[in-house]
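First comes the structure, then the notes that go with it.
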Amino acid sequence: MFYIGFDIGSSSIKASLVDANTGKAICTLQEPNEEMQIVSNQTDWAEQDPEVWWRHICTASRRLLNENKIKAEDINGIGIAYQMHGLVIVDADGNVIRNSIIWCDSRAVSIGEQAFSNISEDRCMGHMLNSPANFTASKLAWVKQYEPENYDKIHKFMLPGDFIAYKFSGDFTTTISGLSEGILWDFKNSEPAQMVLEHYGIDKNLVPQIVETFGVQSKVSDKGAAESGLQKGTPILYRAGDQPNNALSLNVFEPGEVATTGGTSGVLYAVTDSLKASEGIKLNNFAHVNHSPEKPRIGKLLCINGCGIQYRWLKDLLNLSENSYEVMNSYASQIPIGADNLQLIPFGNGAERMFDNRTIGSHISNLNLNTHSQGHILRAALEGIAFSFVYGMEILKKDHTQINVIRAGNDNLFRSEIFSETVATLIDQEIEIYNTTGAVGAARAAGKADGAFDFGTMVSQNDYVQTFKPNPEKQNYSIAYERWRTTLNTILKNQKD
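Residues in the sequence shown are numbered from 206 upward in steps of one, following my numbering.
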């Protein structure tokens with residue numbers, strides 16, 4: 206028997222099959238092969254057709270069954286992970302009214318800022334733990350303000366994962382974790398955020414039925430079975446946004462545990478049991494997958510836009526192709542810690558929330574044309590990105606976040622010993638590396654909900670790769686970081702002045 210997991214990204218759908226007894230990943234595939242289209246009719250707009258997600262889900266599920274010679278009745282349950290913050294609106298017949306306004310669309314920024322001011326920072330942070338900002342509630346308010354004819358047709362609004370669950374089952378449902386990522390959950394009163402709904406004039410009846418993150422949320426209907434190839438009655442057992450799901454995939458559930466990724470952008474996701482939030486602009490606070498009013502589990506999320514994209518830019522600039530990242534790391538490893546006082550500030554990928562949404566750009570500082578080589582620039586880049594993670598963890602600690610264990614996927618930057626050892630040494634914390642994906646995590650979460658296996662043991666047995674330990678010789682790392690931070694502070698001060 207097996208569990209099936211789906212990860213709905215904005216580029217593609219990934220689907221995984223895991224063994225119900227061992228939790229071992231059997232197969233992972235992607236649909237489509239090319240990136241899905243993002244419609245951008247105006248600057249800063251980003252939309253996708255939710256029905257396209259569903260078509261690729263159906264293709265992926267049929268492929269998993271056919272290519273692995275598995276019968277539909279062999280699937281015990283479904284897990285769903287999805288791109289966060291998107292808005293899907295449907296009418297009473299379940300028809301999509303307009304394209305989904307997805308996570309990277311920023312049309313509702315000013316609406317969220319005004320709501321933060323009108324509702325008040327104290328009430329927003331005390332109840333929702335966040336500013337409404339550009340999240341799902343503000344996107345829905347935009348539709349109400351600028352497309353009233355579409356708003357009037359709405360029967361339910363949903364997040365992307367809610368919509369896929371609806372297509373499988375015919376039931377309109379959501380989760381507390383999902384509502385919290387839309388800034389639609391009141392943690393203090395443990396209910397949908399009435400103050401946000403009332404401020405925006407949104408009918409509370411548009412909120413779907415709330416179900417548990419783990420457990421039987423709904424079951425595949427006749428229509429869902431006919432389209433997906435899965436058996437009628439197969440339960441949907443789990444649903445979560447991509448960042449909480451990534452943390453789950455890395456076995457991050459409890460206070461003091463941190464999940465991190467180092468892809469194009471970087472993410473720090475720290476679990477805490479505190480409902481207090483003081484860094485409202487720099488951090489987001491969402492209900493983690495195991496949150497409950499009786500036992501709070503909040504995921505504090507910090508994004509670093511200037512991350513792997515900086516290293517990729519250097520790769521392209523230097524015209525490296527074959528085994529390029531391995532070659533780059535080899536060059537960098539020949540250079541001493543601190544890159545002979547060459548610093549790279551890697552924030553050239555737009556506004557950074559940890560600098561209060563300022564755009565400061567990428568900078569190379571102290572370049573000496575007589576002594577610095579290609580290897581120095583590569584080392585400075587790896588260290589600069591690592592330093593930005595350390596800087597982010599300092600913000601988390603200011604927000605009263607405990608950091609006891611850090612787990613990362615075996616992707617991109619965390620494959621680099623220079624990068625991982627630099628972070629581990631400066632924060633004096635081991636970094637555990639695991640080889641897993643969001644779709645595998647979602648499938649395993651369905652098994653966890655079903656009581657099929659011990660999640661932590663299964664992750665350790667199947668996915669563990671290695672641990673990066675702090676270097677006991679910390680002094681040179683500390684000197685390099687302080688120089689980098691001094692350069693960063695000078696840039697921030699000069700731009701502010």
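The beta carbon of each residue, even a glycine, is placed where N, CA and C say it ideally should be.
Since this is a predicted model, take the numbers as computed values, not measurements.
- Within the DSSP bridge table, the entry for residue 672 names 637 as partners.
- The stretch 290-302 makes no contact with the stretch 454-465, as fewer than three CB pairs between them are under 8 Å.
- A straight-line Cα-Cα distance of about 22 Å links residue 684 and residue 579.
- Here residue 323 is exposed. Its C-beta has fewer than 16 other C-beta atoms within 10 Å.
- Every unbroken stretch of the alpha helix (DSSP H) spanning 4 or more residues and falling wholly within the stretch 436-502 is given here in chain order: 447-454.
- If you ignore the 5 residues before and after residue 405, its C-beta comes within less than 6 Å of the C-beta of 346, all in its own chain and listed in chain order.
- Measuring C-alpha to C-alpha distances from residue 376 to each of 425, 401, 464 identifies 425 as the nearest.
- With a threshold of 16 other beta carbon atoms within 10 Å, residue 505 meets it and is buried.
- Under the three-pair Cβ rule at 8 Å, the stretch 335-353 does not count as touching the stretch 270-282.
- Taking 8 Å as the cut-off, the beta carbon of residue 652 is found no closer than this to the beta carbon of residue 447.
- Around the beta carbon of residue 395, fewer than 16 other beta carbons sit within 10 angstroms, so the residue counts as exposed.
- Judged by beta-carbon spacing, residue 293 lies within the 8 Å limit of residue 365, meaning their Cβ atoms are closer than that value.
- Residue 290 is not a Cβ neighbour of residue 417, given a cutoff of 8 Å.
- Residue 680 counts as exposed, since fewer than 16 other beta carbons sit within 10 angstroms of its beta carbon.
- Between the stretch 492-500 and the stretch 543-550 there are fewer than three C-beta pairs closer than 8 Å, too few to call the two in contact.
- When DSSP states are grouped into helix, strand and coil, residue 412 belongs to the coil group.
- The stretch 368-431 contains, as complete beta strand (DSSP E) runs of 3+ residues, the segments 419-424 (chain order).
- When the alpha-carbon of residue 637 is set against those of 454, 693, 657, 569, the nearest one is in 454.
- Residue 236 holds the alpha-carbon nearest to the alpha-carbon of residue 257 among 277, 274, 268, 236.
- Here residue 230 is bridged, per DSSP, to 223.
- Using a C-beta cut-off of 8 Å, the stretch 223-231 makes contact with the stretch 648-668, since at least three inter-stretch Cβ pairs fall below that distance.
- For residue 237, there is no enclosing alpha helix (DSSP H), as DSSP gives it neither H nor E.
- Secondary structure at residue 521: helix, using DSSP grouped into helix, strand and coil.
- Assigned with DSSP and collapsed to three states, residue 508 falls in strand.
- Assigned with DSSP and collapsed to three states, residue 286 falls in strand.
- The continuous alpha helix (DSSP H) containing residue 594 extends over residues 579-603.
- Within the DSSP bridge table, the entry for residue 570 names 548 as partners.
- At the C-beta level, residue 306 and residue 369 stay beyond 8 Å of one another.
- Within 10 angstroms of the beta-carbon of residue 402 lie 16 or more other beta-carbons, which makes it buried.
- Remark: C-beta atoms of residue 587 and residue 535 do not approach each other more closely than 8 Å.
- Of 232, 215, 428, 598, the smallest CA-CA separation from residue 244 is found for 215.
- For the options 333, 501, 520, the alpha carbon positioned closest to that of residue 582 is the one of 520.
- Inclusion of residue 592 and residue 686 in the CB contact set at 8 Å is warranted, their separation being smaller than that value.
- Contact check for residue 482 against residue 334 passes: the beta carbons are separated by less than 8 Å.
- Take the alpha-carbon of residue 700 and the one of residue 565: they are about 8 Å apart.
- For residue 363, the three-state secondary structure derived from DSSP is strand.
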